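Asker:
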Amino acid sequence: MLRRSSRRSTAPRSGPGLLNTMARTAVISGTATATNRAVNSAIDQKAIAAQQKAIQAQQEQAEKAQMKAQIAELQSAQNQPVAPPPPAATPANTPPAQTDLLAQLTQLAQLKEGGFLTEEEFQLAKAKLLN
23 MLRRSSRRST APRSGPGLLN TMARTAVISG TATATNRAVN SAIDQKAIAA
73 QQKAIQAQQE QAEKAQMKAQ IAELQSAQNQ PVAPPPPAAT PANTPPAQTD
123 LLAQLTQLAQ LKEGGFLTEE EFQLAKAKLL N
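Numbering (the numbering used here), first residue to last: 23 to 153.
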């Protein structure tokens with residue numbers, strides 16, 4: 023009689039098993055996913071930084087334009103001729119010569135305040151009127 027062996031005949035293994043291969047694949051896939059996320063995050067951060075710089079540049083340009091407009095407005099206001107103030111009312115009981123002198127002194131004071139006369143010019147003209 024022939025005896026059969028209770029052992030099964032198995033083929034010799036060559037290389038890692040199926041579970042080991044699956045585990046390696048999972049590790050590689052996880053590493054690739056993590057790397058992809060890190061790269062995408064870095065790209066997103068660069069895009070956000072570029073966008074913030076663009077917004078800041080626009081704000082600075084708007085502020086410069088506003089300041090230029092204000093400067094132009096002030097310059098145009100300076101270039102407009104200033105209307106002389108209405109003549110001061112003269113009292114009715116002052117003699118005409120004294121009224122004329124007061125008007126001339128008032129006019130000199132207005133010219134000085136308007137920046138048309140220096141202090142020295144004002145003092146010289148006042149001295150001429152009073153002498």
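Glycine included, C-beta positions come from ideal geometry on N, C-alpha and C. Note that this is a predicted model, so its numbers are computed, not measured.
1) Return the CA-CA distance between Met89 and Ile77, expressed in angstroms with no decimal places.
2) For the alpha helix (DSSP H) containing Gln102, list its first residue and its last residue.
3) Suppose you measure from the CA of Glu143 to the CA of Gln97; what does that come to, to the nearest Å?
4) Express the C-alpha separation of Gln83 and Ala45 in angstroms, rounding to a whole number.
5) Which word fits Leu40, buried or exposed, when buried means at least 16 other C-beta atoms lie within 10 angstroms of its C-beta?
6) Is it the case that the Cβ atoms of Leu123 and Ala147 are separated by a distance below 8 Å?
7) Using DSSP with H/G/I as helix, E/B as strand and the rest coil, what is Thr55?
8) Under a three-way DSSP split, which group does Asn42 fall into?
9) Does Leu151 come out as helix, strand or coil in the three-state DSSP assignment?
Answerer: So, to answer that:
1) Between the C-alpha atoms of Met89 and Ile77 there is a straight-line separation of about 18 Å.
2) For Gln102, there is no enclosing alpha helix (DSSP H), as DSSP marks it with neither H nor E.
3) In a straight line, the C-alpha of Glu143 is about 26 Å away from that of Gln97.
4) Approximately 57 Å between the Cα atoms of the pair.
5) Answer is exposed; the Cβ neighbour count stays below 16.
6) No, Cβ-Cβ distance for Leu123 and Ala147 is not below 8 Å.
7) Thr55: helix per DSSP, three-state reduction.
8) Helix, per DSSP.
9) It is helical.
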